[in-house]
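Participant: Below you will find the structure I want to go over with you.
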Amino acid sequence: MGEAVEIMFGNGFPEIHKDTSPIQTLHSNQQDCHWYEETIDDDLKWSFALNSVLHQGTSEYQDIALLDTKRFGKVLVIDGKMQSAERDEFIYHECLIHPALLFHPNPKTVFIMGGGEGSAAREILKHTTIEKVVMCDIDQEVVDFCRRFLTVNSEAFCNKKLELVIKDAKAELEKREEKFDIIVGDLADPVEGGPCYQLYTKSFYQNILKPKLSPNGIFVTQAGPAGIFTHKEVFTSIYNTMKQVFKYVKAYTAHVPSFADTWGWVMASDHEFDVEVDEMDRRIEERVKGELMYLNAPSFVSAATLNKTISLALEKETEVYSEENARFIHGHGVAYRHI
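According to the UniProt record's numbering, the stretch in the sequence shown is residues 1 to 339, in order.
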């Protein structure tokens with residue numbers, strides 16, 4: 001390949017480097033190879049061989065990279081954390097979007113917190129009942145380069161039903177008078193100094209978000225790693241926090257290969273989630289344009305059937321997520337490094 005990519009240390013940004021050792025080269029002829037390396041924890045790293053670096057920089061709010069990897073295609077990295085990979089992002093986004101829309105009797109309006117890459121909007125717009133989608137992302141730079149490079153979402157960005165707002169989602173929701181059938185948290189993971197952790201707090205859910213849900217409204221959020229070794233980082237706390245605000249809360253998980261872990265989502269409403277399996281599949285057939293690649297009713301039932309370790313942890317969790325008592329996953333955002 002071409003010149004080695006600059007190695008960056010000490011700022012929370014992932015290392016992107018060239019390695020020529022026999023163990024780590026891609027080919028038997030020991031050609032030089034670029035690698036992306038993400039620090040998952042102090043004693044654990046996850047590496048990908050690269051074709052190229054499409055974009056790398058720091059916006060006002062976060063470190064950003066868009067990489068072309070050999071295994072997972074184009075991947076979006078924010079504050080050193082893998083956010084989405086071209087080859088398997090359908091798992092994450094179908095799980096995030098479709099259950100809430102399918103449990104709702106007739107979803108017409110959706111507000112997305114975050115979602116700058118456009119994939120959440122893409123999945124929402126597959127539903128024939130949808131009349132309006134507001135996507136509110138804080139970072140113009142993320143949105144701009146995702147529109148440029150993630151061509152799979154070009155149609156969604158051009159859809160007349162989509163209203164794109166570049167603003168802090170908390171401030172935008174607070175000022176809007178309208179209510180939404182579905183509110184989606186397609187946010188970056190909560191890291192110290194990142195722009196998103198306040199959108200996981202009880203005060204935000206209770207005072208700002210819930211009043212903006214229409215009758216039968218449903219809120220769903222990505223809730224971080226939910227594996228055997230990682231579920232206590234933020235997943236159980238987010239679940240317990242939502243239980244303090246909503247009558248009915250449902251957690252579910254799925255393995256996402258590019259994340260090297262099981263991932264978690266939490267869905268909440270003041271109305272019970274009582275759609276039967278056959279009815280969910282019927283709604284998919286009637287409401288969703290095109291074929292879903294991952295989600296159907298049986299797979300959702302499986303996703304919401306959690307193993308003993310995770311179930312007990314959710315049941316026993318006592319911490320409530322707040323500005324003063326926030327949990328974070330490993331890593332730091334831009335604001336933390338400016339302190």
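Backbone N, C-alpha and C fix where the C-beta goes; we use that ideal spot for every residue, glycine too.
#1: If Phe72 sits next to Ser258, beta carbons under 8 Å apart, how far is it from one beta carbon to the other, in whole angstroms?
#2: Measure the Cβ-Cβ separation of Gly227 and Phe180 and say whether it is below 8 Å.
#3: List the DSSP bridge partners of Phe111.
#4: Can you grab the Cα-Cα spacing for the pair Tyr321 / Tyr200, in whole Å?
#5: Closest to Cys196 by CA distance: which of Leu102, Ile138, Met280 and Phe90 is it?
#6: Shorter than 8 Å from the beta carbon of Thr241 to some beta carbon of chain D?
#7: For the region 62 to 81 against the region 238 to 254, do three or more pairs of beta-carbon atoms, one drawn from each stretch, fall closer than 8 Å, so that the two count as touching?
#8: Measure the CB-CB distance between Ile91 and Ala254 and report whether it falls below 8 Å.
#9: Taking 7 Å as the line, does the beta carbon of Gly57 fall inside it for any heavy atom of the ligand GTP?
#10: Could you give the residue range of the beta strand (DSSP E) that holds residue 353?
#11: When you compare only the Cα positions, how much space is there between Ser28 and Lys170?
#12: Verify whether the separation of the beta carbon atoms of Asp63 and Asp79 is less than 8 Å.
#13: Taking only three categories from DSSP, how would you classify Pro225?
#14: Since Lys45 is in the alpha helix (DSSP H), which residue starts that stretch and which ends it?
#15: Using alpha carbons as the reference points, say which of Ala260, Lys212, Ser299 and Glu131 lies closest to Trp46.
#16: For Asn240, does the three-state DSSP call read helix, strand or coil?
#17: When you compare the region 174 to 188 with the region 303 to 321, are there three or more beta-carbon pairs, one atom per stretch, that lie closer than 8 Å?
#18: Using CA atoms only, rank isn't needed, just tell me which of Lys247, Val220 and Ile284 is closest to Trp265.
#19: For a minimum of 4 consecutive residues, which ranges assigned as the alpha helix (DSSP H) are wholly contained in the region 115 to 169?
Facilitator: According to the structure data:
#1: That belief holds up - the Cβ atoms of Phe72 and Ser258 are roughly 5 Å apart, short of 8 Å.
#2: Their beta carbons are not under 8 Å apart, which means Gly227 does not touch Phe180 by this criterion.
#3: Under the DSSP definition of a beta bridge, Phe111 partners with Val134 and Ile183.
#4: Cα atoms of Tyr321 and Tyr200: separation of roughly 7 Å, rounded to the nearest angstrom.
#5: The shortest Cα separation from Cys196 among Leu102, Ile138, Met280 and Phe90 belongs to Ile138.
#6: Here there is only one protein chain, and chain D is not present.
#7: By the Cβ rule, the region 62 to 81 does not count as touching the region 238 to 254, because fewer than three pairs are nearer than 8 Å.
#8: At a Cβ-Cβ threshold of 8 Å, Ile91 and Ala254 count as neighbours.
#9: Ligands displayed in this structure: none; no statement on the ligand GTP is therefore possible.
#10: In the structure as shown, the chain begins at 1 and stops at 339. Residue 353 is therefore absent and cannot be evaluated.
#11: The pLDDT assigned to Ser28 is 32, lower than 50, so where the model puts this residue is not dependable; a value taken from the coordinates is nonetheless given after this. For Ser28 and Lys170, the distance between alpha carbons rounds to 52 Å.
#12: Closer than 8 Å, so yes.
#13: DSSP places Pro225 in strand when its eight states are reduced to three.
#14: Not the alpha helix (DSSP H): Lys45 falls in the beta strand (DSSP E), residues Leu44 to Thr58.
#15: Of the candidates Ala260, Lys212, Ser299 and Glu131, the one whose C-alpha sits nearest the C-alpha of Trp46 is Ala260.
#16: DSSP places Asn240 in the helix class (H, G or I) of the three-state scheme.
#17: The region 174 to 188, when compared against the region 303 to 321, does not touch it at the 8 Å Cβ threshold.
#18: Ranking the options by Cα distance to Trp265, first place goes to Val220.
#19: Correct list: 119 to 124, 140 to 149 and 154 to 158.
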